[in-house]
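Keeping their order, the protein sequence lines are chains A and B. Per my numbering, residue 1 is the first one in the first sequence, and the count goes up by one each step. Per my numbering, residue 320 is the first one in the second sequence, and the count goes up by one each step. So the structure is just underneath, and the comments pick up after that.
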Amino acid sequence: MARYILKRLLYMIPTLFGVAALIFLMLRVVPGDIVELKLRGDGAAVSEEVIQAERERLGLNRPLYEQFADWMVGVATFDLGKSMWTETPVVDEIASRFGLTIQVAIMATIIAVLLALPLGIISALYKDSWLDQFIRLFTIGGLAMPSFWVGMIIILTLLNVFNWLPPITYTPIWVDPLANISQLIWPALAVGYRYSAVLTRMVRSQIIEVMLEDYIRTARAKGVFERLVIGRHALRNALLPAITVLGLEFAFLIGGLVVTEQVFNLNGIGRLFVQAVTKNDFTLVQGIVMLIAVIFITTNLIVDILYAYLDPRIRYGGK
Amino acid sequence: MRHLHYPLAAALAAALATGAAAQDKPVKGGTLVWGLSAEAGTLDCGGTDTFAVIHTVAPFYSTLLRVNLDKYPEVEGDLAKSWTISQDGLTYSFDIHEGVTFHDGSPLTSEDIKASLDRYRNPPAGVPSFRKASFEDIASIETPSPTKLVITLKAPNPAMLLNLAGPNGCIYSAKKLAEDPKFPITNVMGSGPFKFVKYEKGASIEGVRFDGYFKKDKNGTQLPYLDGFKGVVFSQPAAMINALQGGQIMGEFRTITPAQKKTLQETAGDKLAFYESDWNTGLVLAFNTKKPPFDNVKVRQALSMAIDRFTAGKALSQQSILKSVGGLVRPGAPYGAKPEALKDLPGFNPDIKAAREKAKALLKEAGVENLKFELFNRSTTQPYTPSGVYLIAQWKEIGVEVTHKQVETPAYREGIKTGSFDVALDFLNAVLEDPSLTLNKYLSSSRDSTNGSGFEDKEADALYDAQLRETDPKKREALVRQFENRVITQGAQTPFIWWYRTVALSKQVKGWKMSPSHLYGQDFGEVWLAQAK
Chain A
1 MARYILKRLL YMIPTLFGVA ALIFLMLRVV PGDIVELKLR GDGAAVSEEV
51 IQAERERLGL NRPLYEQFAD WMVGVATFDL GKSMWTETPV VDEIASRFGL
101 TIQVAIMATI IAVLLALPLG IISALYKDSW LDQFIRLFTI GGLAMPSFWV
151 GMIIILTLLN VFNWLPPITY TPIWVDPLAN ISQLIWPALA VGYRYSAVLT
201 RMVRSQIIEV MLEDYIRTAR AKGVFERLVI GRHALRNALL PAITVLGLEF
251 AFLIGGLVVT EQVFNLNGIG RLFVQAVTKN DFTLVQGIVM LIAVIFITTN
301 LIVDILYAYL DPRIRYGGK
Chain B
320 MRHLHYPLAA ALAAALATGA AAQDKPVKGG TLVWGLSAEA GTLDCGGTDT
370 FAVIHTVAPF YSTLLRVNLD KYPEVEGDLA KSWTISQDGL TYSFDIHEGV
420 TFHDGSPLTS EDIKASLDRY RNPPAGVPSF RKASFEDIAS IETPSPTKLV
470 ITLKAPNPAM LLNLAGPNGC IYSAKKLAED PKFPITNVMG SGPFKFVKYE
520 KGASIEGVRF DGYFKKDKNG TQLPYLDGFK GVVFSQPAAM INALQGGQIM
570 GEFRTITPAQ KKTLQETAGD KLAFYESDWN TGLVLAFNTK KPPFDNVKVR
620 QALSMAIDRF TAGKALSQQS ILKSVGGLVR PGAPYGAKPE ALKDLPGFNP
670 DIKAAREKAK ALLKEAGVEN LKFELFNRST TQPYTPSGVY LIAQWKEIGV
720 EVTHKQVETP AYREGIKTGS FDVALDFLNA VLEDPSLTLN KYLSSSRDST
770 NGSGFEDKEA DALYDAQLRE TDPKKREALV RQFENRVITQ GAQTPFIWWY
820 RTVALSKQVK GWKMSPSHLY GQDFGEVWLA QAK
């Protein structure tokens with residue numbers, strides 16, 4: 001197993017270099033110029049000389065291959081450079097938002113799992129009953145409604161019914177847990193609802209399938225308690241595909257909560273990503289893409305390790 | 320002492336005075352929490368022209384001069400106690416307030432002002448300055464004493480005083496600039512009413528009262544009144560409106576839309592006050608004169624004539640931040656023409672039926688009766704989308720088919736720069752309302768790159784240059800009118816409609832003054848909070 005993990009970690013290197021090269025090239029074909037936006041964004045009369053000097057300073061006038069070489073050296077040495085818009089190191093820009101984003105992702109995942117497991121199991125065990133129909137309706141609602149829309153409904157309900165709104169600025173959980181939770185629980189609920197809908201349907205369909213397997217029939221024939229049949233035999237096997245979904249969704253939440261973050265005025269990675277893209281801040285976009293790539297690859301690795309834990313038949317790299 | 324003379328100042332000042340809550344007696348204390356709708360990326364006043372930098376740092380800095388919002392757009396001293404201008408208009412001598420200190424306790428002298436202005440006009444390597452061009456007329460800056468500053472111009476420039484009063488003229492510590500010319504890009508250390516506390520990018524900026532601030536109010540009370548402020552960054556207008564409605568913020572200082580105003584009136588009308596003003600930003604149509612048939616003046620005139628600007632002013636003001644019809648200079652601003660004075664120019668005839676008939680005839684003469692083209696526009700909703708939709712409907716009235724292409728701002732600017740468009744909906748932001756500082760957009764493309772039309776007009780350039788040096792206001796106004804007539808008649812770029820500004824503020828917030836610019840009045844030096852009832 002250790003050998004397998006090491007191998008996977010080594011595979012990360014060419015993958016990340018591939019991502020770095022791809023994002024570099026993709027950004028260069030996007031129209032727009034950060035210097036124009038910075039100096040003439042509100043229509044100021046700025047001479048071409050000043051524009052060119054700023055382009056020179058940011059290295060945008062250098063040949064593309066030189067910029068590319070710089071970027072690749074930076075990636076290899078863990079130096080993502082400075083944001084072209086704010087002049088702050090990309091790592092600092094990301095770090096200041098990462099705590100909030102990762103917390104929302106973790107909270108949304110917890111909410112999703114807490115909802116999906118019991119609902120998926122109940123729905124499968126009571127297939128086609130009114131309870132199943134109700135849970136299916138609940139999950140279809142979660143799939144049909146975008147998270148940001150659920151977020152807007154939550155905000156408007158809190159405002160118009162309870163005359164209360166969550167805090168508008170972020171407080172780390174170790175500074176003021178109450179303020180932190182009262183701000184982040186709402187976006188976590190909005191996101192977690194959709195996330196739980198995907199998971200619930202996955203758990204339900206897997207359990208229905210697994211319950212028809214021979215080993216379930218055998219367990220029942222042996223007189224194993226139904227609770228053990230479900231918990232030890234059915235659920236453990238049914239969870240494998242759900243874990244894949246869980247991993248993918250979690251990684252998506254790191255950069256994909258753009259609109260939800262805007263609805264709740266959260267200063268997260270998704271919002272930063274959009275701002276960087278709209279300003280043609282190449283270095284910052286590149287840095288965020290690299291972060292998301294690392295998170296996706298790492299999450300996939302964790303999912304594979306969990307697979308091996310849940311299903312002893314799966315052994316990576318061994319004989 | 321010679322103050323900048325503006326013919327319409329008095330009338331405008333009276334109209335704007337509604338913003339001030341003069342009858343209440345200011346009280347000290349409280350924290351102003353407000354919404355910031357954009358971030359600049361830099362903390363350097365001269366580093367970018369976006370309003371966001373001023374909204375972020377204005378409370379921390381003093382400027383040499385500033386605009387008196389009670390007598391808009393008259394100039395008053397900020398660090399300057401008084402000033403004189405020599406008869407030949409070349410030498411400006413300023414007396415600087417004594418005993419002014421920076422937030423770190425060091426004294427602010429004329430050397431600091433010189434260092435700051437020199438940095439704007441001749442930025443050192445690695446320091447971007449969008450103000451370089453506007454200070455090109457300055458020949459030298461001297462400091463005969465710590466409280467004397469003398470600016471000598473290369474040629475008379477009646478716009479220079481207002482230029483020096485621009486909000487993007489923060490005064491930095493000469494010592495800090497000597498240590499690191501890039502210091503203000505990422506650090507804040509000024510002499511304004513508030514001391515910097517912290518800035519969390521993407522989240523908020525905070526300041527606390529500077530007890531050593533050099534200004535007192537007319538009753539001798541030390542300014543500022545507020546204990547501090549907190550500007551909260553919002554990336555989505557709806558979230559800011561919710562926060563205003565819910566009382567989490569006390570206001571925002573750029574604008575809200577008519578729909579947002581209606582929502583706030585219905586839900587929190589008892590807690591909020593609304594301040595309104597014409598806005599010194601306008602929409603401009605740019606025709607790509609490098610591309611037939613827009614190289615034909617008759618086509619450009621016809622397309623401008625087809626637009627009913629007067630109905631647009633009424634209709635679009637219901638759903639957008641647009642309202643006033645005017646020429647190259649905002650109506651109501653110094654040197655701004657009233658719409659009636661423009662009626663003979665293409666696009667300003669109130670008899671739209673007759674104008675459209677003439678437009679059709681012009682298109683026929685130009686041989687383009689079945690004209691089709693693309694309107695190039697930003698994907699920003701306010702005010703670009705409704706304007707684009709309105710313009711397309713107007714052109715349809717004369718049988719012209721137009722498709723609407725909306726792109727993100729970077730792609731839009733790239734399209735303008737490279738001339739990859741037919742007709743574009745551009746804008747003009749006239750922060751400092753002097754013709755010399757705003758009309759440059761209408762100069763030939765070779766002289767001003769914000770003119771996306773690619774048009775060259777030496778006659779218009781000559782008129783601009785003449786008004787730039789004319790110190791007699793009446794003669795200057797005549798030159799501005801000639802320039803305006805020339806530009807609108809040629810129609811390579813022509814004004815569409817001017818913006819309108821609405822600010823929603825908690826009724827608790829007093830002493831803030833409305834003006835046609837969203838960059839003025841943001842130092843909060845005289846803002847105070849009434850006791851909550």
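Yeah, the Cβ is synthetic: ideal placement off N, Cα and C, and Gly gets one too. Treat the numbers as computed from the prediction; the structure is a model and nothing was measured.
Express the C-alpha separation of residue j and residue i in angstroms, rounding to a whole number.
i: B:Q555; j: B:D407; result: 51 Å
i: B:F370; j: A:K279; result: 16 Å
i: A:G270; j: B:A522; result: 14 Å
i: B:H324; j: B:Y839; result: For B:H324, the pLDDT reaches just 40, beneath the cut-off of 50, and the residue's location in the model is therefore unreliable, leaving the point undetermined.
i: B:N387; j: B:Y819; result: 20 Å
i: B:P702; j: A:G41; result: 16 Å
i: B:L355; j: B:G550; result: 6 Å
i: A:V203; j: A:I168; result: 36 Å
i: B:R805; j: A:L272; result: 45 Å
i: B:W847; j: B:G830; result: 6 Å
i: A:T283; j: A:V30; result: 14 Å
i: B:P447; j: A:A53; result: 8 Å
i: A:M12; j: A:I297; result: 7 Å
i: A:I292; j: A:I305; result: 20 Å
Quick check on residue i: does DSSP put it in helix, strand or coil?
i: A:R232; result: helix
i: B:F934; result: For chain B, the structure presents residues 320 to 852; residue 934 of chain B sits outside this window and is missing.
i: A:P312; result: coil
i: B:G840; result: coil
i: B:D745; result: strand
i: B:S764; result: coil
i: A:G287; result: helix
i: B:S772; result: coil
i: B:F379; result: helix
i: B:A557; result: helix
i: B:Y594; result: strand
i: A:W164; result: coil
i: B:A340; result: Reliability fails at B:A340, whose pLDDT of 44 lies under 50, so the model's placement of it is uncertain and no value is given.
i: B:Q541; result: strand
i: B:F421; result: coil
Tell me which residue opens and which closes the beta strand (DSSP E) that residue i is part of.
i: B:D414; result: 410 to 415
i: B:R528; result: 523 to 528
i: B:Y518; result: 513 to 519
May I ask which residues mark the beginning and end of the alpha helix (DSSP H) holding residue i?
i: B:N861; result: Outside the displayed range of chain B (320 to 852) lies residue 861 of chain B, so it cannot be described from this structure.
i: A:R271; result: 269 to 278
i: B:E585; result: 577 to 587
i: A:L178; result: 177 to 210
i: B:K495; result: 493 to 498
Give a yes or no on whether the C-beta atoms belonging to residue i and residue j are separated by under 8 Å.
i: A:V294; j: A:L27; result: no
i: B:T367; j: B:T361; result: yes
i: B:F553; j: A:N265; result: yes
i: B:L545; j: B:T350; result: yes
i: A:Y195; j: A:T109; result: yes
Measuring only from the beta carbon, is residue i closer than 7 Å to any heavy atom that is part of the ligand SAH?
i: A:E93; result: As presented, the structure is devoid of all ligands, the ligand SAH included, so that no description of it is given.
Exercise for the section: For the region 283 to 307 of chain A, enumerate the residues whose C-beta is nearer than 9 Å to any C-beta of chain B, in chain order. Expected result: none
Problem - Contact list for the region 784 to 807 of chain B against chain A, Cβ threshold 9 Å - result: none
Problem - Contacting positions in the region 28 to 44 of chain A - beta carbon closer than 7 Å to chain B - result: P31, G32, D33, E36, L37, K38, L39, R40, G41, D42, G43, A44
Exercise for the section: Closer than 8 Å, Cβ to Cβ, to anything on chain B: give me those residues from the region 77 to 99 of chain A, in chain order. Expected result: S83, W85, T86, E87, T88, E93, S96, R97
Problem - Contact list for the region 762 to 787 of chain B against chain A, Cβ threshold 8 Å - result: D767, S768, T769
Handout entry: Residues within the region 542 to 567 of chain B neighbouring chain A, beta-carbon criterion of under 9 Å
Key = K549, V551, V552, F553, S554, Q555, A557, A558, M559, N561, A562, Q564, G565, G566, Q567
Practice task
Taking a Cβ distance cut-off of 9 Å, strictly less, list which residues of the region 501 to 516 of chain B are near chain A, in chain order.
Solution key: K501, I504, T505
Handout entry: Residues in the region 634 to 652 of chain B having any Cβ partner in chain A nearer than 9 Å
Key = none
Practice task
Please name the residues in the region 693 to 721 of chain B whose beta-carbon is closer than 7 Å to at least one beta-carbon of chain A, in chain order.
Solution key: none
Practice task
Note down, in chain order, all residues in the region 359 to 383 of chain B with a beta-carbon under 8 Å from any beta-carbon belonging to chain A.
Solution key: G360, T361, G366, T367, D368, T369, F370
Problem - Interfacial residues, the region 98 to 114 of chain A to chain B, with Cβ spacing under 8 Å - result: none
Exercise for the section: Please name the residues in the region 229 to 262 of chain A whose beta-carbon is closer than 7 Å to at least one beta-carbon of chain B, in chain order. Expected result: Q262
Practice task
Taking a Cβ distance cut-off of 8 Å, strictly less, list which residues of the region 518 to 530 of chain B are near chain A, in chain order.
Solution key: E519, K520, G521, A522, S523
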